[in-house]
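Residue numbers for the sequence shown follow the numbering used here, so the first one is 403 and each next one is one higher.
Positions of the beta carbon are idealized from the N, C-alpha and C atoms, including for glycine.
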Amino acid sequence: MAVVALKKIQLLLHKNDRDVVLKELQKSGSLAFEEVQNKENLEKYSQTEFDYNRELSSINFALSFLDTHLPEKISFKRKLEGNFITTTDEECSDLEKNFSYHTIVNEIQDIEKTLNVCKTERASLLEKKELLTPWKNYSASAQASATSVYTFSFFVIGNDATKKYLSSLLTENGILHHYEEVSKYAHVLVVLKEKKEIVSEIIKSSGTEEVTLPSLPHSIQKELELIDSSLLELDKLEEKTKNKIQEYVIYRNKLKQLSDYLRWKKERYEVGHNAFHTNSVLVFEGWIKERQIPYLEEKISKHTRLFAIEEIPLSEGEIPPTEIENNWLIKPFETITRLYGLPGYNDLDPTLFLSAFFFIFFGLCLTDVGYGIFVMILTGSLLAFFRLPRDNRPFVLLLFLGGLASSLAGLLFGGYLGIDTALLPSWTQKIQTFNPVLNPLPVLFLSLALGVLQIMFGITLRIVREWKNNNLLDGIIGHGPWLFLFTAVILFTLKSFGIITAGSPQFYTYLLYVGVGLLIITQGRHEKNIFSKAFKGVMSLYDSINYFSDILSYSRILALGLATSALAFSVNLIASLIGEIIPFVGGAVAVVIIIVGHLFNLTVNILGAFIHSARLQFVEFFSKFIVDTGKEFRVFKRVPRFVNIE
């Protein structure tokens, strides 16, 4: 339940064993490779392209094409479980050797080309049809210029208003013209040939659209008939081609297996061919969990004896990547830690410390027995009856624990799907401790008290962190006074409210003065002269405002708890009113409102409970003791996209 101890090692390997050992390393997923630091007397392979690059790209294209045109029908259960194909290394290797995937992929590419040609030609024909359709009744020869010996014809598009306006402009300029109406909006404007340039400018200035018709070997009517015929032929070709796609769906799973298998092979190739080497020895460096070094030696020794593993001392300032591990109960809360980012290698793993707080905060934000039980049943069913991907199970279990927390909090807050506890069995009222709607102050005080507790705990963890890094004295001097001041403020407050009766009020006031004095004395200890030390010490008191702001942030727990209860009550109230107002079907409508309303309330408030409970960890808690952000420990392993290898 901490940051895992990692060791940097150097792996020396005979080059003839490269492929088999890298395959074993990828399979075991224990080593995170890193570039070799000491390259003296070592060479690096020249960059060469992976032999299967083209095939891998083609296979992925074929899969994408099949998914686009014939999407795979996947059951809800399969979707939740990741829709992986279970296979073996041997089966994938046999596919690579014996399955004629090149032919399949090439044929799929030919189908794609045919469909693209159909799409392009269709677009061209439709564009041409759109252009010619207004002119289908034009009886003259459809030449682009439509020129005679003395006249020139313009093809224009416009309504009656634009036609009259253009005609008036031509008349004003003394230009003889004639309009021939082809259709409602298509007109042929005939003018003398010597006026062609002037008329062209007038048309442009009038805003009338001039059309240039293509040169055609026959009439426009005939051309439109040919276009319709060509479109029908394209429809037949496209339908025939799409039907052919169905023949290749049976190869989808084999292509998926090959895609993952070749991708893993490519990853091994890149690691092996980027390695530094001597004439016969490959040199790799990387990070590994300390306890896994014997495991790594055992795995490699199954394939070769010509290897050596040596621990490498860290260079000055070098910090290992970070990996965290926790037991099965705490592991779900790693979801929160990893959302924030892994802590620095010298920091503490916050997962154990945040788990109880997140559990309590989530429950206080949702505070409903019914909602909690529903979440537990839903997530419990997912865990029990579905083989969820390993990376998804912790999050689902986290929601299950959140449902449990909500149920427990609901008992204390009287949250039962918005139903008044007066209408429920008497034991619900006996268990209820808080009523956030009628008396929210106790809940507010509880929220703030939890905030004070978590912040003080965070400061304590900062001292523990310094102890872990052999800097305990500085941790106590730097952060101990804040703990003392927090304690003094708590005692002073409890005394003021009469909760503490022992001691005089002056004693608790003096404790406050001592706390402030300790801060002034200690917080400027790293400054060079006494004036700087005193100034820095006094200015450190300003941090108390930040702490006060952090504590107030915990009031969001009250707000979210109130929102859940109020919305649940509102849903019930609206449903009951609708049921009374609407005759005959009012009851059915009320049931629909209750189901939809409570599902909406549950969804929104689960999201709010998760986000705000996590935010309190990230901003108010982690900032007190996490100093660095760690580099993730990324091991060389097979990451499945389609395939699970047995």
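| Query | Result |
| --- | --- |
| Output yes or no for whether 8 Å exceeds the beta carbon distance between residue 678 and residue 406. | no |
| Assign residue 673 to buried or exposed, taking buried as 16 or more other Cβ atoms, counted over all protein chains shown, within 10 Å of its Cβ. | buried |
| Touching or not, the stretch 919-926 and the stretch 941-954, by the rule of three or more beta carbon pairs under 8 Å? | yes |
| Among the candidates 1026, 833, 598, 799, whose CA atom is the shortest distance from the CA of residue 854? | 1026 |
| Taking the alpha-carbon of residue 409 as reference, which of 748, 877, 1020, 713 has the nearest alpha-carbon? | 713 |
| Let me know if residue 697 comes out buried or exposed under the rule of 16 or more other beta-carbons within 10 Å of its beta-carbon. | exposed |
| Could you have a look at residue 688 and say whether DSSP puts it in helix, strand or coil? | strand |
| Return the first residue and the last residue of the beta strand (DSSP E) that residue 597 is part of. | Taken as a continuous stretch (DSSP letters only), residue 597 belongs to no beta strand (DSSP E), as it is neither H nor E. |
| So, under 8 Å CB-CB, residue 1091 and residue 571 are touching, yes? Tell me the CB distance rounded to an integer number of Å. | There is no way to answer for residue 1091, as the model of the chain reaches only from 403 to 1048. |
| Spatial neighbours of residue 728 within its chain, please: C-beta separation below 8 Å, excluding the five flanking residues on both sides. | 403, 735, 736, 751, 753, 754 |
| Exposed or buried, residue 540, counting other C-beta atoms within 10 Å across all chains shown (16 or more means buried)? | buried |
| In the DSSP assignment, find the unbroken beta strand (DSSP E) run with residue 1046 in it and report its ends. | 1045-1047 |
| Where do the ends of the alpha helix (DSSP H) carrying residue 786 lie? | 771-787 |
| Using 8 Å as the threshold, is the C-beta distance between residue 424 and residue 665 below it? | no |
| From the DSSP output, which residues share a beta bridge with residue 434? | 689 |
| Compare the Cα-Cα distances from residue 861 to each of 1023, 912, 1043 and report the closest residue. | 1023 |
| Select from 725, 965, 984 the residue whose C-alpha is nearest the C-alpha of residue 1008. | 965 |
| Assuming the contact rule is C-beta atoms closer than 8 Å, residue 1020 and residue 820 should be a hit. Round their C-beta distance to whole Å, please. | With a Cβ gap of about 31 Å, residue 1020 and residue 820 do not count as contacting. |
| What separation, rounded to the nearest whole angstrom, lies between the Cα atoms of residue 867 and residue 884? | 16 Å |
| Please confirm whether residue 692 and residue 412 have their CB atoms less than 8 Å apart. | no |
| Do residue 565 and residue 626 count as a contact pair if the criterion is CB distance below 8 Å? | no |
| Just to confirm my understanding: we take residue 1040, look at its own chain, exclude 5 residues before and 5 after, and list those with CB closer than 6 Å. What are they? | 428, 666 |
| Quick one: what's got a C-beta closer than 6 Å to residue 547's C-beta in the same chain, skipping five residues either side? | With a pLDDT of only 49 at residue 547, under 50, the local geometry of the prediction cannot be trusted, and the value read off the model is given with reservation. Nothing listed; no residue qualifies. |
| Closest by CA to residue 680, which one among 1013, 418, 1015? | 418 |
| What does DSSP give as the partner residues of residue 582 in its beta bridges? | 590 |
| If you draw a straight line from the C-alpha of residue 976 to the C-alpha of residue 839, how long is it? | 18 Å |
| Grouping DSSP H, G and I as helix and E and B as strand, with all else coil, what is residue 547? | Residue placement at residue 547 is flagged as unreliable, the pLDDT there being 49, under the threshold of 50; the coordinate-derived value follows with that caveat. Coil. |
| Rounded to whole angstroms, what is the Cα-Cα separation between residue 594 and residue 558? | 16 Å |
| Bridge partners of residue 555, per DSSP? | 592 |
| Would you call the stretch 1029-1045 in contact with the stretch 793-803, where contact means no fewer than 3 C-beta pairs closer than 8 Å? | no |
| Which value, in whole angstroms, describes the spacing of the CA atoms of residue 704 and residue 1048? | 19 Å |
| Residue 472 by DSSP, collapsed to three states: which one? | coil |
| Based on DSSP bridge pairs, tell me the residues matched to residue 446. | 678 |
| Measure the alpha-carbon distance for residue 793 versus residue 694 and round it to whole angstroms. | 21 Å |
| Cα separation between residue 509 and residue 790? | 36 Å |
| Whole angstroms is fine: what's the gap from residue 420's alpha carbon to residue 454's? | 18 Å |
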